[in-house]
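A.B. asks: First to last, the protein sequences are chains A and B.
Letter by letter, the first sequence follows residues 1 to 287 in our numbering.
Letter by letter, the second sequence follows residues 288 to 574 in our numbering.
All residues carry an ideal CB built from backbone N, CA and C; glycine is no exception.
Starting off with a structure, shown below.
Number of protein chains: 2
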Amino acid sequence: MIGFTGLILDRADSLRTAVEQIAALAGAEEARLMRLAGLEPLLSEEGRLSWHSPRDREADSELLFLGLSGETPLFAPLRQSEARTDSAFSMFAVLETMLPEDAALWGIAHSLITWHRRNGFCGACGTVTTPFRAGWGRRCDGCGTEHFPRVDPVVIMLAEHQDRVLLGRQPRFPPRRFSALAGFVEPGESIEEAVARELKEEAGVVTIGVRYVSSQPWPFPGQLMIGCIAQAESLQIQLDPTELDDAMWVDRAGVAAALAGDEAAPFIPPPPFAIAYSLLTHWTAAD
Amino acid sequence: MIGFTGLILDRADSLRTAVEQIAALAGAEEARLMRLAGLEPLLSEEGRLSWHSPRDREADSELLFLGLSGETPLFAPLRQSEARTDSAFSMFAVLETMLPEDAALWGIAHSLITWHRRNGFCGACGTVTTPFRAGWGRRCDGCGTEHFPRVDPVVIMLAEHQDRVLLGRQPRFPPRRFSALAGFVEPGESIEEAVARELKEEAGVVTIGVRYVSSQPWPFPGQLMIGCIAQAESLQIQLDPTELDDAMWVDRAGVAAALAGDEAAPFIPPPPFAIAYSLLTHWTAAD
C-alpha cells in the first residue's frame with residue numbers, strides 16, 4: 001500500500017452543497033469529529049485516530065465535512081484562532097506508527113485545514129473569504145469569486161541507467177538519507193516533460209524515456225506526487241548545488257540493502273509512507 | 288503529438304531570480320515578445336505566433352520570461368489594465384489552425400497571465416502582491432508570503448468494458464459532441480482513486496482497475512490533464528444530471544468512425560488538441 005492511499009471513504013460530493021443535510025449529519029448521534037492538537041493527530045491508546053462528537057467542538061471552530069465512513073459522517077475542525085502550521089518532519093515519527101487508513105484520513109484534514117488558513121482572503125480582490133461547500137471551498141465576500149482547495153502536482157522520479165538508479169540528497173534531509181528527485185509541475189508541461197526538465201535542472205541528467213509508476217497524495221500541505229521511472233542517457237551527473245547537496249547512482253544490491261535497513265547500505269531510504277520508498281521497492285522487484 | 292506538448296524551450300529556471308540578467312536579456316536585440324490581442328494569439332500571415340521586441344511593449348505592461356528558444360529570449364506581456372479573460376471555446380477555432388509548438392508556447396503565456404490576474408492579492412493576508420522571479424511568482428507586499436503559479440491536476444478517462452468505452456456529454460458541449468469523463472483531483476487522493484471516484488460520481492460506473500496513458504497541460508486556465516483508461520465492472524450507467532447531459536458506451540467501430548469524421552458516426556469527437564482525442568486514438572489503436 002502506497003502511503004496516504006487506500007482510504008475507504010465516500011466523499012459524498014453531492015452532499016457538500018446541501019447545507020441543511022450537512023447540519024443534520026453534524027448533529028447526528030453517530031457523527032465523529034477528528035481530534036487534533038494543532039494540526040497533529042491525537043491518537044488513542046491503541047494508536048488510532050481519536051474522535052469526539054461535533055457537539056464537543058471549540059466555540060471558534062467550523063466543521064469540514066470529510067465524508068461518510070459507512071453510515072458515519074466524519075468531520076474535521078477548522079479553528080479560527082490558530083494559525084500555526086507544523087512542519088512535515090515534526091509529524092514523520094507519529095505517521096510511521098499510524099495505520100495507513102488513519103494516515104490517509106488525517107492527510108485530507110491536514111491538507112484542507114492548511115489550505116483554509118492560507119486562503120482567508122480573495123486573490124482576485126483582497127476581500128475576506130468565507131467557507132462554503134461544507135469546507136470544500138471559500139467564497140469571496142466582495143467579488144463573489146469561488147476558490148477551491150489547491151492540489152499541486154509534483155513529479156518524483158528515479159532515473160535509471162545500466163541497472164542503477166539516481167538518488168539525491170536535499171539539504172534539509174536527515175544524515176545519510178537519499179531519495180528520488182522531485183519537483184513541481186509547471187504551467188505548460190506534461191508529466192513526462194516535467195520529469196525530463198527536473199532531472200536536467202537538478203542533476204544534469206538527460207532523459208530518453210519516462211514511464212509512470214504510481215501516485216500518492218502528500219499532505220504537506222497538499223501535493224499530488226506522481227511517481228515515474230526515467231531512462232537516462234548516461235551516468236553523468238552535474239549537480240545544481242542550490243537544489244541538491246549530493247547525488248549518486250546506486251545499484252540494485254545497494255537499494256535492496258537500504259530498504260532492508262542494513263547498516264552497511266550506501267544510504268538511508270525515505271520513510272515507508274513516502275512514494276519514493278514505493279518507487280524503490282517497485283524498482284528492486286522489477287526485472 | 289498530444290496537444291500543448293512537444294515544446295522545445297529551455298525554461299532556464301535558474302535565470303528567473305537573476306534580475307539583472309533578465310533585464311539584459313529583455314534589452315537584447317534578439318529578444319522577442321509575444322503579440323496578444325487580449326489573451327488570444329495574434330498570428331502572422333503564415334499562421335504562426337507573431338512577435339515584436341520587448342522595447343515595443345505597452346507602457347503599462349510587465350515582462351514574463353518564458354525561457355530561451357535556442358539563443359533567443361522569449362517573453363509574454365502582463366498588462367495591468369486589462370482584466371478580461373476569454374473563454375476556452377472562443378479560442379478553439381484558432382488553436383486548430385496553429386502548429387503544435389506555437390500552441391504549447393501560447394499555452395504557457397495564457398496560463399501565466401491568467402494566474403497573475405487572479406492573484407493580485409495575498410490569500411493569507413489580503414495585501415497587494417507584486418510579480419517576482421521574472422513572472423514565475425508573486426510576493427506579498429505585506430506579509431511577504433510567496434505565491435507560485437497554480438496547476439490543477441485533473442483526471443480524464445475512458446472507462447472500458449466488453450470492448451466499448453464510456454463517453455459523456457457536458458451541457459456546455461457543442462451539439463453531438465461526446466468526450467472522456469474528467470474531474471479535478473482532490474486533496475487526499477491518488478490519480479487512481481480520483482479516476483474511480485469521478486466515474487462513480489458522474490456515471491455510477493464501478494472501476495476495477497486504472498492504467499495511466501499520457502498527460503497534457505491544458506491552458507484554460509492551467510490544468511494538468513492526466514489521461515487514464517479504467518476497467519469498468521459492467522455496462523451499467525447511472526447518470527448524475529448535474530454533471531452530464533448524457534453518457535453512452537461506444538464500440539471500436541463507432542469511435543473509429545467519429546475520429547475519421549464520418550457523418551454517420553455516433554458522436555462528434557473532441558478537438559484534436561485535447562487529450563481526450565489522443566486517448567480515443569490510443570484506444571482504437573490498441574489490441
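Determine the chain B residues that contact Cys125 (chain A) at a beta-carbon separation under 7 Å, and present them in chain order.
C.D. replies: Phe408
A.B. asks: Taking the straight line between their C-alpha atoms, what separation do you get for Gly288 (chain B) and Leu399 (chain B)?
C.D. replies: Strictly speaking, residue 288 (chain B) in this sequence is Met, with Gly absent from that position. Whole-angstrom Cα-Cα distance: 23 Å.
A.B. asks: Using 8 Å as the Cβ pair cut-off and three pairs as the minimum, do the stretch 189-203 of chain A and the stretch 258-267 of chain A touch?
C.D. replies: no
A.B. asks: Taking only beta-carbon positions, decide if Thr5 (chain A) is within less than 8 Å of chain B.
C.D. replies: yes
A.B. asks: Closest Cβ-Cβ distance between Tyr499 (chain B) and chain A: below 8 Å?
C.D. replies: Closer than 8 Å to some Cβ of chain A, the Cβ of Tyr499 (chain B) qualifies, so yes.
A.B. asks: I want to see whether chain A comes within less than 8 Å of Gly429 (chain B), judged by CB atoms only; does it?
C.D. replies: no
A.B. asks: Could I get the ranges of all uninterrupted beta strand (DSSP E) runs contained in the stretch 157-211 of chain A, with 3 residues as the minimum, in chain order?
C.D. replies: 164-169, 181-184
A.B. asks: Which residues, taken in chain order from the stretch 182-201 of chain A, show a beta carbon closer than 8 Å to some beta carbon of chain B?
C.D. replies: Phe184, Val185, Glu186, Pro187, Gly188, Glu189, Ser190, Ile191, Glu192, Glu193, Arg197, Glu201
A.B. asks: Taking C-alpha atoms, which residue in A:Glu40, A:Asp10, A:Ala124 lies nearest to Thr290 (chain A)?
C.D. replies: In this structure chain A extends from 1 to 287, so residue 290 (chain A) is not present and cannot be described.
A.B. asks: For Met444 (chain B), collect the residues of the same chain with a Cβ closer than 8 Å to its Cβ; drop the 5 residues on either side in sequence, then sort them by chain order.
C.D. replies: Cβ contact annotation for Met444 (chain B) (same chain, cutoff 8 Å, sequence separation greater than five): Ala467, Leu468, Ala469, Val482, Glu485, Leu486, Val497, Gly514, Cys515, Ile516, Ala517, Leu566, in chain order.
A.B. asks: Name, going along the chain, the residues of the stretch 85-112 of chain A whose beta-carbon falls closer than 7 Å to a beta-carbon of chain B.
C.D. replies: Residues passing the 7 Å Cβ filter: Ala104, Gly107, Ile108, Ser111, Leu112.
A.B. asks: Name, in chain order, the residues that DSSP records as bridge partners for Val306 (chain B).
C.D. replies: Per DSSP, Val306 (chain B) has no beta bridge partner at all.
A.B. asks: DSSP has Ala76 (chain A) in a bridge; who is on the other side?
C.D. replies: A:Leu64
A.B. asks: On the three-pair Cβ rule with 8 Å, is the stretch 410-421 of chain B touching the stretch 303-310 of chain B?
C.D. replies: yes
A.B. asks: Under a Cβ-count criterion, where at least 16 other Cβ atoms within 10 Å of its own Cβ denotes burial, should Arg224 (chain A) be classed as buried or exposed?
C.D. replies: Here residue 224 (chain A) is Leu; the residue named in the question, Arg, does not match the sequence. Buried, by the Cβ-count rule.
A.B. asks: Under DSSP, the alpha helix (DSSP H) around Ala104 (chain A) begins and ends at which residues?
C.D. replies: Note, Ala104 (chain A): alpha helix (DSSP H), 100-118.
A.B. asks: Could you tell me the alpha carbon to alpha carbon distance between Ala519 (chain B) and Gln449 (chain B), rounded to whole angstroms?
C.D. replies: 9 Å
A.B. asks: Which same chain residues, not among the five before or five after Val493 (chain B), have their C-beta less than 6 Å away from its C-beta?
C.D. replies: Glu520
A.B. asks: What whole-angstrom Cβ distance do Gly293 (chain B) and Phe560 (chain B) have, given they're in contact under 8 Å?
C.D. replies: At roughly 11 Å, the Cβ-Cβ gap does not stay under 8 Å, so Gly293 (chain B) and Phe560 (chain B) are not in contact.
A.B. asks: Checking 8 Å against the spacing of the C-beta atoms, do Pro436 (chain B) and Glu146 (chain A) come in under that value?
C.D. replies: no
A.B. asks: Name, in chain order, the residues that DSSP records as bridge partners for Pro153 (chain A).
C.D. replies: A:Leu224
A.B. asks: Mind listing the chain A neighbours of Pro528 (chain B)? Cutoff is C-beta to C-beta under 7 Å, in chain order.
C.D. replies: Simply none; closest approach about 11 Å.
A.B. asks: What is the DSSP secondary structure of Asp533 (chain B), counted as helix, strand or coil?
C.D. replies: Three-state result, Asp533 (chain B): strand.
A.B. asks: Between the beta-carbon of Ala534 (chain B) and the beta-carbon of Ala490 (chain B), is there less than 8 Å?
C.D. replies: In this structure, Ala534 (chain B) lies near Ala490 (chain B), with their beta-carbon atoms less than 8 Å apart.
A.B. asks: Are Arg298 (chain B) and Leu320 (chain B) closer than 8 Å when you measure CB to CB?
C.D. replies: no
A.B. asks: Which term fits Ser502 (chain B), buried or exposed, when burial requires 16 or more other beta carbons within 10 angstroms of its beta carbon?
C.D. replies: buried
A.B. asks: Ile443 (chain B) touches chain A at which residues, Cβ-Cβ below 8 Å?
C.D. replies: In chain order: nothing, as chain A lies at least about 13 Å away.
A.B. asks: So does the stretch 353-360 of chain B actually touch the stretch 523-543 of chain B, counting three or more Cβ pairs closer than 8 Å?
C.D. replies: no
A.B. asks: Under 8 Å between C-beta atoms, does Ser502 (chain B) make it to chain A?
C.D. replies: yes
A.B. asks: May I ask you to verify whether the stretch 377-397 of chain B touches the stretch 335-343 of chain B, counting CB pairs closer than 8 Å and requiring at least 3?
C.D. replies: Yes, they touch.
A.B. asks: Residues of chain A with a CB under 7 Å from the CB of Gly509 (chain B): which are they?
C.D. replies: Pro187
A.B. asks: Could you say which of A:Leu167, A:Val255, A:Val94, A:Pro270 lies nearest to Ala286 (chain A) if we only look at CA atoms?
C.D. replies: Taking only the C-alpha atoms, the option nearest Ala286 (chain A) is A:Val255.
A.B. asks: Between Asp532 (chain B) and chain A, is any beta-carbon pair separated by less than 8 Å?
C.D. replies: no
A.B. asks: Look at the alpha carbon of Phe65 (chain A) and the alpha carbon of Gly410 (chain B), and state the distance between them as a whole number of angstroms.
C.D. replies: 22 Å
A.B. asks: So which residues on chain C does Ile2 (chain A) lean against when the C-beta distance must stay under 8 Å?
C.D. replies: Here chain C cannot be found, since the structure's protein chains are A and B.
A.B. asks: Would you decide whether Asp245 (chain A) is buried or exposed? Buried here means 16 or more other CB atoms lie within 10 Å of its CB.
C.D. replies: Looking at its Cβ environment, which holds fewer than 16 other Cβ atoms inside 10 Å, Asp245 (chain A) is exposed.
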